[in-house]
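Each protein sequence line maps, in turn, to chains R and G. This note's numbering puts the first sequence at residues 1 to 204. This note's numbering puts the second sequence at residues 205 to 391. Backbone N, C-alpha and C fix where the C-beta goes; we use that ideal spot for every residue, glycine too.
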Amino acid sequence: MSTKDHWSARVRRVAIGAVLYLGAVALGLGSAWWVLKKSPWLNPSVEVGAWSTNLQAGSQDAGLYTRATIAVNALLALGRDETMYFVATRDDAGHALRSQCNYRITGVPPQARWWSVTAYADDLFLFDAPNGHYSLNGSTAKLDAAGAFALTTGPNEQSGVYWLPTPGHRGLTLTLRLYNPSPALQAAPQSLVAPAIQRIGDCV
Amino acid sequence: MKNFSDHQRLWFYRVLTLTVTAVLAHLLAVWAAPRVIMQVLMHGPAAQKMNMHNQASFPDPVSAKSRTVVMPSPDMLYSVCAYDLRQGPVRVSAAPALPNYWSVALYAANSDNFFVRNDRQAQGRPVDLWLVAPGGDPQQKPPPPGAEVVVSPSSTGFLLMRVLTTDYQAEKDRVEPARRTLQCSQG
Numbered sequence: 001m002s003t004k005d006h007w008s009a010r011v012r013r014v015a016i017g018a019v020l021y022l023g024a025v026a027l028g029l030g031s032a033w034w035v036l037k038k039s040p041w042l043n044p045s046v047e048v049g050a051w052s053t054n055l056q057a058g059s060q061d062a063g064l065y066t067r068a069t070i071a072v073n074a075l076l077a078l079g080r081d082e083t084m085y086f087v088a089t090r091d092d093a094g095h096a097l098r099s100q101c102n103y104r105i106t107g108v109p110p111q112a113r114w115w116s117v118t119a120y121a122d123d124l125f126l127f128d129a130p131n132g133h134y135s136l137n138g139s140t141a142k143l144d145a146a147g148a149f150a151l152t153t154g155p156n157e158q159s160g161v162y163w164l165p166t167p168g169h170r171g172l173t174l175t176l177r178l179y180n181p182s183p184a185l186q187a188a189p190q191s192l193v194a195p196a197i198q199r200i201g202d203c204v
Numbered sequence: 205m206k207n208f209s210d211h212q213r214l215w216f217y218r219v220l221t222l223t224v225t226a227v228l229a230h231l232l233a234v235w236a237a238p239r240v241i242m243q244v245l246m247h248g249p250a251a252q253k254m255n256m257h258n259q260a261s262f263p264d265p266v267s268a269k270s271r272t273v274v275m276p277s278p279d280m281l282y283s284v285c286a287y288d289l290r291q292g293p294v295r296v297s298a299a300p301a302l303p304n305y306w307s308v309a310l311y312a313a314n315s316d317n318f319f320v321r322n323d324r325q326a327q328g329r330p331v332d333l334w335l336v337a338p339g340g341d342p343q344q345k346p347p348p349p350g351a352e353v354v355v356s357p358s359s360t361g362f363l364l365m366r367v368l369t370t371d372y373q374a375e376k377d378r379v380e381p382a383r384r385t386l387q388c389s390q391g
């Protein structure tokens, strides 16, 4: 093999090695992103109906993955003795929530000092609601004779029901916050009477 | 490896090295994510604009335009402070005097919430904290009388005060002065 061929082979080997290393780093970073955004099963969570809550959100006991998941998806969360966060990305039928669909959410006030239901887009920021309604909460909810609240989300207002507009065509995330939840609920998050999430009609 | 050719050995070591590299990159990214996000929160462009280094700052009420921290609560009015204990303790005080929920929460540089005091726990008294670094105060300044000493797990961190407001326009005259009672300054 000539000197030229020798150098040519060496350069090719180094180039292949560099590409493979970059690919390995990209694979490591990509899998980290995927795990933090798409793999809630890695975190200790409890599911109640369509809602789930991470038991270690905001806790100093959180493990490597829980801490990172919370930082990415719910930065500055409080511990569950202060606030519990239940998140829903699917309706009761198991279909992914979409902003172009109308949903009716009904339930009874949870066992907490104060509560709210907020609609977020899939980037976890608020929708640009033309009526300024971003959440229904323990102060604004009107309870019916049975003591239940109701709200709707979607592109269209439903007559007589509190409406959280969700303009656009994208994913929808609902968050139920419970401030100062009862000790019983803290101890057994699965005892939450989960609000129902039902789609109304066809999507726009 | 005796029966393998040079070429096979080369690829064996390549695959092994690449797998280790991918796993290390993955773990490093997961470990670093909360720390990097907190650094951006405390020292990024939005933080510098708000001028909140060892002093209280008061962001606009939450709306669709609030895009600094994910999942902002539209029912809370926030006050913030990025504390830095490297030059000594930081004193934090707040006296919202509101009948509804409020809280002062402290977050370490790795995003852990290590301290919270809410209105019920405060029982009508103001919050008065003397925040010191994990190794203590090298100058050993005595805490102000009546202040509660809180040891931060990291020398920098973030303070978030939440004040409940369900109708900001109607409650503005009450909740704005209340949240602006937050003080955060080098001791």
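Anticipated Cβ contact below 8 Å, residue i with residue j, distance rounded
i	j	result
Asp316/G	Ala62/R	7 Å
Leu364/G	Leu76/R	6 Å
Asp122/R	Thr53/R	Between Thr53/R and Asp122/R the Cβ distance is about 19 Å, and since that is not below 8 Å, they are no contact.
Glu260/G	Ser283/G	Reading off the sequence, residue 260/G comes out as Ala, not Glu. Sure, about 6 Å apart at Cβ, within 8 Å.
Thr221/R	Ala96/R	A question about residue 221/R goes unanswered here, because the residues of chain R that appear run from 1 up to 204.
Ala71/R	Pro238/G	3 Å
Leu335/G	Leu289/G	6 Å
Ser358/G	Pro338/G	7 Å
Cβ of residue i within 9 Å of any chain R Cβ
i	result
Tyr305/G	yes
Arg318/G	Checking the sequence, you will find Phe at residue 318/G rather than Arg. Phe318/G counts as touching chain R.
Phe262/G	no
Asp377/G	no
Phe362/G	yes
Pro357/G	yes
His257/G	no
Contact with chain G by residue i, beta-carbon distance below 9 Å
i	result
Val35/R	yes
Gly23/R	yes
Ser52/R	no
Ile200/R	no
Ile70/R	yes
Tyr162/R	no
Asp123/R	yes
Gly17/R	yes
Gly58/R	yes
Arg12/R	no
Ala88/R	no
Thr175/R	yes
Straight-line gap, residue i to residue j (C-alpha atoms, nearest Å)
i	j	result
Met280/G	Arg329/G	21 Å
Pro249/G	Met256/G	11 Å
Ala351/G	Tyr311/G	19 Å
Ser270/G	Leu124/R	11 Å
Arg378/G	Ala229/G	50 Å
Trp51/R	Asn137/R	17 Å
Val296/G	Cys388/G	5 Å
Thr223/G	Ala32/R	14 Å
Asp144/R	Asn73/R	34 Å
Thr118/R	Pro346/G	44 Å
Thr385/G	Phe262/G	10 Å
Test: residue i CB closer than 9 Å to a CB of chain A
i	result
Ser116/R	Reference to chain A is not applicable here, since the protein chains of this structure are R and G.
inquiry  = Threshold first: 3 residues or longer. Then list the beta strand (DSSP E) segments lying entirely within the region 88-145 of chain R, N to C.
reply    = 102-107, 112-121 and 135-137
request  = Could I get the ranges of all uninterrupted beta strand (DSSP E) runs contained in the region 275-307 of chain G, with 3 residues as the minimum, in chain order?
outcome  = 280-288 and 294-298
ask   = Using a Cβ cut-off of 7 Å, which residues of the region 90-109 of chain R contact any Cβ in chain G, in chain order?
value = none
key: Ordered list of beta strand (DSSP E) runs contained in the region 8-62 of chain R, each at least 3 residues   = 45-48 and 51-54
query = Between the region 125-157 of chain R and chain G, which residues of the former have a C-beta closer than 7 Å to a C-beta of the latter?
reply = Phe125, Leu126, Phe127, Asp128, Ala129, Tyr134, Ser135, Asn137, Ser139 and Thr140
request  = With 9 Å as the C-beta to C-beta threshold (strictly closer), list the residues of the region 265-278 of chain G near chain R in chain order.
outcome  = Val266, Ser267, Ala268, Lys269, Ser270, Arg271, Val273, Val274, Met275, Pro276, Ser277 and Pro278
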